[in-house]
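Undergrad:
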Amino acid sequence: MKFDFKGIRFNTWMYFFTFSLTILALLGFLLLSMIKPYYRDSQLKTIDAISHTIETRLIDSKADEKAVEEMSRLVIDSNACMLIYNEQGRQIYQKNSIGEICQFQDKLNILSSEIVINREPDKIIEILKKQDLDLETVSEATGDAMMLYGKKISTSLANYYMLINVPLEPIESIISFIFRSYLILTLFVLAISFFVSLILSLRITKPIVKMKQEANRLAKGNYDVSFKTDSYSEINDLAAT
Numbered sequence: 003m004k005f006d007f008k009g010i011r012f013n014t015w016m017y018f019f020t021f022s023l024t025i026l027a028l029l030g031f032l033l034l035s036m037i038k039p040y041y042r043d044s045q046l047k048t049i050d051a052i053s054h055t056i057e058t059r060l061i062d063s064k065a066d067e068k069a070v071e072e073m074s075r076l077v078i079d080s081n082a083c084m085l086i087y088n089e090q091g092r093q094i095y096q097k098n099s100i101g102e103i104c105q106f107q108d109k110l111n112i113l114s115s116e117i118v119i120n121r122e123p124d125k126i127i128e129i130l131k132k133q134d135l136d137l138e139t140v141s142e143a144t145g146d147a148m149m150l151y152g153k154k155i156s157t158s159l160a161n162y163y164m165l166i167n168v169p170l171e172p173i174e175s176i177i178s179f180i181f182r183s184y185l186i187l188t189l190f191v192l193a194i195s196f197f198v199s200l201i202l203s204l205r206i207t208k209p210i211v212k213m214k215q216e217a218n219r220l221a222k223g224n225y226d227v228s229f230k231t232d233s234y235s236e237i238n239d240l241a242a243t
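In terms of the working numbering, the sequence shown opens at residue 3 and continues consecutively.
1) Which residues in the same chain have their Cβ closer than 6 Å to the Cβ of residue 78, if we skip the five residues on either side of it in sequence?
2) Short check: CB of residue 141 to CB of residue 148, under 8 Å?
3) Do the segment 158 to 175 and the segment 103 to 111 make contact, defined as three or more Cβ pairs closer than 8 Å?
4) What are the residues that DSSP puts in a beta bridge with residue 169?
5) Out of curiosity, what's the CA-to-CA distance linking residue 137 and residue 61?
6) Is the number of C-beta pairs between the segment 222 to 231 and the segment 20 to 35 that are closer than 8 Å three or more?
7) Where do the N-terminal and C-terminal ends of the beta strand (DSSP E) with residue 115 fall, by residue?
8) Just the Cα atoms here: how many angstroms apart are residue 236 and residue 196?
9) Can you look up residue 81 in the DSSP assignment and give me helix, strand or coil?
10) Counting C-beta neighbours from all protein chains within 10 Å, is the total for residue 16 16 or more, i.e. buried, or is it exposed?
11) Out of 222, 217 and 124, which has the shortest C-alpha to C-alpha gap to residue 240?
12) Could you check which residue in 223, 213, 180 and 86 has the C-alpha nearest to that of residue 243?
13) Less than 8 Å between the beta carbons of residue 75 and residue 207, yes or no?
14) According to DSSP, simplified to helix, strand and coil, what is residue 258?
15) Residue range of the beta strand (DSSP E) that residue 112 falls in?
16) Indicate whether residue 114 and residue 125 have their beta-carbon atoms separated by less than 8 Å.
17) Could you check what DSSP says for residue 17 in three-state terms: helix, strand or coil?
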C-alpha cells in the first residue's frame, strides 16, 4: 500500500512529533543561554557561604582537624581556591580545586598595584588591613571572568587574612557535561515522542479511515455498509450525516 504523505494519519503524527521537537529545541536554547548567568549567581553565593563558614570557625577558635576537613570539602564542592595567611604573612591554609585557572600565581592589578598573591603576601595583607576585596578579574590561563574576594578576620587570639578565588563562568568540563546530558535526554524524549505520537495519530484517525473504507464500498454499489462509530462527537455527527 502506497504511503500517503498528505493523509490525515501522517500529518497528525507529524504535527505531534514536530511539537515535541520544538519544545525540546526551546528548552535546549533556554538551558544553554541560562547556564552562565545562573552559574555566576551561584558562585557569588558560594563566596558568601565559604567566607561565613570559615570566619565563624576562626572566630570560635575551632580550626581543628575536623574544621580543616570541612573547609577543604567546602572549597572542593564550590569549585574554588582559597588561601589563609596569619598576621606574619605565613600561609596557614591553601586549597585549590580549579587547577591552573586559580589566580594566586597570576600578576593581578589590585587597587592600582600589580601583585602576585603567592609571592607577595605582605602586600596583599597590607591591603586587607585597610579594606575588604571584592574584585572581578580575568584568568590568564583561559581569559574567563573570575572573582577575587579577600577579607581580614579578627579573632581574640590573632588576625587572619582570607582570599577566595572562583570562576564566574562555567569551566569547559561543566558545559560539556550539561550538553552531553541534554543530548541524551533529548534522544530519549524524541524516541518516546515518536511512538506516542504514532499511537495517538492511529487512534485519532482510525474511525475516519473506517468511514472512508465504508464510503468506498458504498460507491461500488455495496449498500451493506455501516458508518456507526464510537468515537469523538464531531466524527459521530459526520457518520450520522
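In this text, a Cβ means the ideal position worked out from N, Cα and C, and glycines have one as well.
TA: On the basis of the data shown:
1) Counting from one through the sequence shown, the residue named residue 78 turns up at place 76. If you ignore the 5 residues before and after residue 78, its C-beta comes within less than 6 Å of the C-beta of 99, all in its own chain and listed in chain order.
2) Taking the first residue of the sequence shown as position 1, residue 141 is located at position 139. Taking the first residue of the sequence shown as position 1, residue 148 is located at position 146. Residue 141 places its beta carbon less than 8 Å from that of residue 148.
3) Taking a contact to require three or more Cβ pairs closer than 8 Å, the segment 158 to 175 and the segment 103 to 111 qualify as touching.
4) Within the sequence shown, the letter at position 167 stands for residue 169. Note: residue 169 sits in a beta bridge opposite 148.
5) In the sequence shown, the residue the question calls residue 137 occupies position 135. In the sequence shown, the residue the question calls residue 61 occupies position 59. Within the model, the alpha-carbon separation for residue 137 versus residue 61 is close to 25 Å.
6) At 8 Å Cβ cutoff, the stretches do not touch.
7) For the purposes of this step, residue 115 is taken as the residue at position 113 of the sequence shown. Unbroken beta strand (DSSP E) run through residue 115: 115 to 118.
8) Position 234 of the sequence shown, counted from the start, is the residue given in the question as residue 236. Position 194 of the sequence shown, counted from the start, is the residue given in the question as residue 196. Annotation: residue 236 to residue 196 spans about 26 Å, alpha carbon to alpha carbon.
9) For the purposes of this step, residue 81 is taken as the residue at position 79 of the sequence shown. Here residue 81 carries a coil assignment [DSSP, helix/strand/coil].
10) Locating residue 16 in the sequence shown gives position 14, counting from the first residue. Residue environment analysis places residue 16 among the exposed positions, since fewer than 16 neighbouring C-beta atoms fall within 10 angstroms of its C-beta.
11) Counting from 1 along the sequence shown, the entry for residue 240 is found at position 238. Of the listed residues, the one whose Cα sits closest to residue 240 is 217.
12) Working through the sequence shown from its first residue, we reach residue 243 at position 241. Of the candidates 223, 213, 180 and 86, 213 places its Cα closest to the Cα of residue 243.
13) The sequence position of residue 75 within the sequence shown is 73, counting from 1. The sequence position of residue 207 within the sequence shown is 205, counting from 1. It is not a contact, given that the beta carbons lie outside the stated cut-off.
14) A question about residue 258 goes unanswered here, because the residues of the chain that appear run from 3 up to 243.
15) Residue mapping note: residue 112 aligns to position 110 of the sequence shown, counting from 1. In this chain, the beta strand (DSSP E) harbouring residue 112 covers 109 to 112.
16) Numbered from its first residue, the sequence shown carries residue 114 at position 112. Numbered from its first residue, the sequence shown carries residue 125 at position 123. No. Outside cutoff.
17) Locating residue 17 in the sequence shown gives position 15, where the first residue counts as 1. Helix at residue 17.
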